[in-house]
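Engineer:
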Amino acid sequence: MVIVGGEEVPGVIVYGLLPRGSRRPGFPSGAWILADEVCDWTLYGEVWEVAMWEVPIAIWRTGDEFVVAVRTTLAAVIAGGCRVAWVGAEGLPFCDPPSLLHPDCMSGGVLAWMTDDGSFECPLDPDLPLAPVGDERLLALRRHARGLADAEVGSG
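Just so you know, we're using our numbering here: the sequence shown kicks off at 850 and counts up by one.
(1) Which of helix, strand or coil does DSSP assign to THR964?
(2) Could you say which of PRO874, VAL896, GLY870 and GLU903 lies nearest to GLY855 if we only look at CA atoms?
(3) Are there 16 or more other CB atoms within 10 angstroms of the CB of ARG932, so buried, or fewer, so exposed?
(4) With a cut-off of 8 Å, do at least 3 Cβ pairs link the region 886-896 to the region 980-1000?
(5) Can you tell me the Cα-Cα spacing of TRP909 and VAL916, whole angstroms?
(6) Say yes only if the C-beta of GLY957 is nearer than 7 Å to one or more non-hydrogen atoms of the ligand MN, and no if none qualify.
(7) Measuring straight from C-alpha to C-alpha, what distance separates GLY996 and SER968?
(8) Which of the three DSSP states, helix, strand or coil, is assigned to PRO952?
(9) By Cβ distance, which residues of its chain are closer than 7 Å to SER1004, with the 5 residues on each side in sequence left out?
(10) Residues in the same chain with beta-carbon distance under 6 Å from ALA1018, minus the five sequence neighbours each way, listed in chain order, please.
(11) According to DSSP, is PHE969 part of a helix, a strand, or is it coil?
(12) Identify whether VAL853 lies in helix, strand or coil by the three-state DSSP scheme.
(13) For the region 881-889 against the region 937-948, do three or more pairs of beta-carbon atoms, one drawn from each stretch, fall closer than 8 Å, so that the two count as touching?
Here's what the structure looks like:
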C-alpha cells in the first residue's frame, strides 16, 4: 500500500541508497500500470541519501511480468547511482542510517532488492501473502552498503 491524497491505495514504495549529493536516479514509470502519479522524495544525512518513490498501482502485473517490472524498476534505480535498491510498502519497517537494513529495526521491511553488483531477488508475488526477505539477507544488504547504511549521525 501507498498513500495518495491521504488515502491508502494499492502500490509499493521503491527505495534507493546512494552517497549524498549524487545524481538522483530516474524512475521507470513505464514498468507499471499506474493508478496516479508516482510521488518522490529524498531523505538524507551527511553522507547518505535515500531516494524514495511511492508507486500507486492500478493493475498488478502477475507472474513473470511482475518480476520483470520489479527488476526493471530496481535496475533503473541502481543505474542512477544507488548502491542498494529495494521495494517496501506503507506500514513496513523502515529506518534511517545508522539502522538502515538492520534486522533490529527493519525486519520484514524489504520485499525485493537489487545491489550495484547486479544481484537481485524478488520473493514478492502480488497474488500471495507478503514474504519479506529474511534477516540474513538484510544483513548482507547492509554489509554491501557499508559506509552508507551504517553511517553515524555527524559522520562525514
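Ideal Cβ placement from N, Cα and C applies to all residues, glycine included. Predicted, not measured: the structure shown is a model, and the values here were computed from it.
Structural biologist: The short version:
(1) strand
(2) GLU903
(3) buried
(4) Yes, since at least three Cβ pairs between the region 886-896 and the region 980-1000 fall closer than 8 Å, the two stretches touch.
(5) Computed Cα separation, rounded: 11 Å.
(6) What this structure holds is no ligand at all, so the ligand MN is not there to describe.
(7) 19 Å
(8) helix
(9) Note that SER1004 has pLDDT 42, beneath the 50 cutoff, so the model's placement of it is unreliable and no number is given.
(10) One cannot answer for residue 1018 here, as it falls past the ends of the chain, which runs 850 to 1005.
(11) strand
(12) In the three-state scheme derived from DSSP, where H, G and I count as helix and E and B as strand, VAL853 is classed as strand.
(13) no
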